[in-house]
Amino acid sequence: DSEIREVANGWLCVRTCRMPMRPSKTRQTTISASKPSSTSQTTCKTKMAEEGSSAMPVDFEGFKRELCEDLAGAMKKEVLSLKSGLEEFKNTTNSEIAELRSTLAGTEHSLSTCSDDVTTLQRDVKCLTELADILQNKCEDLEGRSRRNNVRIVGIPESPGSCSTSAISALLKDAFNLEKAPLVDRSHRSSQPAPRGGEPARMVIARRHYYKDCNDILRLARTKQKIQVDGMTISVYLDFTARVAKARSAFNGIRQMLKDTPGVKFGILFPARLCITLNGAESFFTDPEAARAYVSQNIVHHHED
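Following UniProt numbering, the numbering of the sequence shown begins with 1 at its first residue and continues without gaps.
Printed below as a string of structure tokens:
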């Protein structure tokens, strides 16, 4: 708009400067005369005014036409410039959109591939997790079976030769009043650091040669519990793995609640399953919390009432 306004103002000035006054024939005649009369001068002025008034519309129309042509040319030039800029912007935008579409297509393909890979990996991880659980349980079972002939003896003081096979065999014979000393294949202290002054002695792990001897000793140990022999108080337990021992110890509080309760029998089955017999009905628990809730609701609460 400002450019068009400047063009219009310029043309107006140029046309104003270019508009010459036409000398009339009457004026030329009066110049050649020596002394015109007032009547002739008035007539001359009237004719000049008429000629000037008749000439002005013709020149203004031409100026208007030329101005319109120049304005149209300027506007056309401006429109062409804008069109060229828009065309360039359009081409750039189309190029960027095409590039983005290509990138988006590649991203969609990558995401689809990743999604398929994640699905496959999740399926493989699930299978491997199940397999690992099976193998772990199998290893735990095999390790537990390999310890079936082992017993743990607690309360033997630390002294040279106190955990030898002959000493353990004689100790078990005297502790349980056996007819003959059981055959012990191996015996050793636990792998914990040696105790310092005032600390309790490490337990002794002994392996009997015959499973029957091991079973008989454990049955007698459950009956006597605290065993007095040679001035020592010992306890004998079955040798469990760390995982099984931890799972069985989780029921210690419940076993303490059931102790000396009339009409209730309980015991822990291998590897870690609590069996409670109430009024001839047996209930089995592998979850300590579920067992505690059962005892609190059906046994403790019943005896309090």
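Idealized CB from N, CA, C, for every residue including glycine.
| Check | Outcome |
| --- | --- |
| Given A170 as reference, the closest of L111, G197, D117 and D230 once Cα atoms are compared | D230 |
| Stretch pair the region 239-258 + the region 284-303: three plus CB contacts closer than 8 Å | yes |
| Supposed contact pair F284 and residue 318 - C-beta distance, whole angstroms, cut 8 Å | Given that the chain is displayed from residue 1 to residue 305, the structure contains no residue 318 and the question cannot be resolved. |
| Reduced DSSP category for E158 - H, G, I as helix; E, B as strand; rest coil | coil |
| Entirely enclosed beta strand (DSSP E) segments - the region 121-193, minimum 3 residues | 150-154 and 184-189 |
| Segment limits, alpha helix (DSSP H) that includes M232 | Run containing M232: none in the alpha helix (DSSP H); it sits in the beta strand (DSSP E), M232 to L238. |
| Collapsed DSSP secondary structure at G267 in the structure displayed | strand |
| D287, buried or exposed, once every other Cβ within 10 Å from all chains shown has been counted against 16 | exposed |
| Contacting residues, own chain, Cβ-Cβ under 7 Å from A201 (five flanking each side not counted) | I156, P157, E158 and P195 |
| Nearest candidate by alpha-carbon position, reference N177, set E69, I227 and D116 | I227 |
| For S112 and F240, the rounded distance between their alpha carbons | 50 Å |
| CA nearest to the CA of R219, picked from Y237, L278 and N137 | Y237 |
| Among E87, T107, S235 and D185, nearest to R147 - alpha-carbon criterion | D185 |
| Limits of the alpha helix (DSSP H) - the one that I254 falls within | N252 to L258 |
| Length of the line joining the Cα atoms of G144 and N137 | 10 Å |
| For R202: DSSP bridge partner residues | DSSP output for R202 lists no bridge partner at all. |
| Outcome for C127 when other beta-carbon atoms lying within 10 angstroms are tallied against a minimum of 16 | exposed |
| For S283: DSSP bridge partner residues | I276 |
| Helix, strand or coil at T29 [DSSP, three-state] | Low local confidence applies: a pLDDT of 39 at T29 is under 50, so the model's placement there is unreliable, and no value is given. |
| Residue interval of the alpha helix (DSSP H) (run including I217) | Y211 to K224 |
| Three-state secondary structure assigned by DSSP to Q41 | With a pLDDT of 48 at Q41, under the threshold of 50, the modelled position of that residue is not reliable, and the figure given next carries that caveat. The answer is helix: DSSP assigns Q41 an H, G or I state. |
| Three-state class that DSSP yields for R208 in the structure shown | strand |
| S235 versus C114: straight-line alpha-carbon distance, rounded | 60 Å |
| Burial state of L172, where buried means 16 or more other Cβ atoms lie within 10 Å | buried |
| Neighbour-count burial assignment, V79, 16 or more Cβ in a 10 Å radius | exposed |
| Cross-strand partners of I227 (DSSP beta bridge) | I234 |
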